[in-house]
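For what it's worth, our numbering labels the leading residue of the sequence shown as 1, then goes sequentially.
We treat Cβ as the ideally placed atom computed from N, Cα and C, and that holds for glycine.
This structure is a prediction, so every number in the text was calculated from the model and none was measured.
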Amino acid sequence: MRARFARLRGEVREAAAWAREGLVRDPQDAACREELARASALSGDPAADKAGDLDLEALTDPYDAVRLGAPEKVIDRLSGVFARHADALTRADGPALDAVAEELEQRGFTLFAAEAHAQAVGAHRDPRAARHSRTRAVALARRCQGARTPALSGLVLGELTARQRQIVNLAAAGLSNRQIAERLTLSVRTVGNHLYSAYARLGASDRGVLPWLTELPHAQPA
């Protein structure tokens, strides 16, 4: 139970530690083995199947299907905020997804809240609302000890131009504006302008968030 609730709060390392402690006492404990596998997947361990390859009906927790992007498969098996999440995702309702995310955050489900905000990004028709959702998703995900899930993989740099992605990746690697300018044969001012535009599109405030945005590995169901 301690491992499960740590995972739900987004405390991935603690979840793995509690699961391992349980397995020390009973190496055959199925619940601890499952929690350890989930924590490992969240941490970006060996690749797992994507939503389309999973037997969604066989999932231990039907809510996982919502997090994997297939809410229509399980909506009739959920209730409360989890059912509202499934409904909002099915309708691609950005404001409703943000409302669900806020409720999940209030209940302490930090990781689920981050995922709901991330799903809202692509559902919003208003670019400003999408940027707000992205900002909230990133802020919450950064509290989840490096957790990586299919929903959070949507926070990558797809909204940027090719030049912006190039500059953002170099900035994330630690290069200064001057070093980037020299490498790409651009002026320092041009580099700065591209970064400023990229920050606005990504909902980021500074360089500190760039490594997180650019280093997302392949999505891991968890």
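Please classify T90 as buried or exposed, where buried requires at least 16 other C-beta atoms within 10 Å of its C-beta. Exposed, by the Cβ-count rule.
Which of the three DSSP states is assigned to A92 in this structure? The three-state reading of DSSP puts A92 in coil, since its state is none of H, G, I, E or B.
Span of the alpha helix (DSSP H) holding I167? DSSP places I167 inside the alpha helix (DSSP H), whose first and last residues are A162 to A172.
Whole angstroms is fine: what's the gap from A58's alpha carbon to A181's? Confidence at A58 is low in this model, with a pLDDT of 45, below 50, so its placement is unreliable and the value that follows should be read with caution. For A58 and A181, the distance between alpha carbons rounds to 52 Å.
Taking the runs of the alpha helix (DSSP H) that are 4 residues or longer, which of them lie wholly in the stretch 76-133? As far as the stretch 76-133 is concerned, its whole alpha helix (DSSP H) runs of at least 4 residues are 80-90, 94-106 and 110-123.
Around the Cβ of L161, are there at least 16 other Cβ atoms within 10 angstroms (buried) or fewer (exposed)? Reading the sequence as shown, one finds Thr at residue 161 and not Leu. A residue is called buried once 16 or more other Cβ atoms fall within 10 Å of its Cβ, and T161, having fewer, is exposed.
Would D98 be called buried (16 or more neighbouring beta carbons within 10 Å of its own) or exposed? Buried.
Between the stretch 106-115 and the stretch 133-146, can you find at least three pairs of beta-carbon atoms closer than 8 Å? Output reads yes: the stretch 106-115 touches the stretch 133-146.
If distances are taken between C-alpha atoms only, which option among R67, A172 and V168 comes closest to T190? Just measuring C-alpha positions, the residue of R67, A172 and V168 sitting nearest T190 is V168.
Between the C-alpha atoms of A116 and L170, what's the straight-line distance to the nearest angstrom? Cα to Cα, the separation comes out at about 29 Å.
Quick check: the Cα distance between T185 and R134, rounded to an integer number of angstroms? Distance between the alpha carbons of T185 and R134 is about 31 Å.
Rounded to a whole number of angstroms, what is the C-alpha to C-alpha distance between E34 and D93? Rounded to the nearest angstrom, the two C-alpha atoms are 32 Å apart.
Buried or exposed: which applies to V24, given that a residue is buried once 16 or more other Cβ atoms fall within 10 Å of its Cβ? Under a 10 Å Cβ-count criterion, V24 is classified as exposed, with fewer than 16 other Cβ atoms of the shown protein chains found around its own Cβ.
Between which two residues does the alpha helix (DSSP H) carrying R178 extend? That run of the alpha helix (DSSP H) goes N177 to L184.
Distance between V188 and A6 (C-alpha atoms, nearest Å): Linking A6 to V188 through their CA atoms gives a straight-line distance of about 45 Å.
As a quick exercise: from P95, R163, H85 and A101, pick the residue whose alpha carbon is nearest that of D126. Considering only alpha carbons, the answer is P95.
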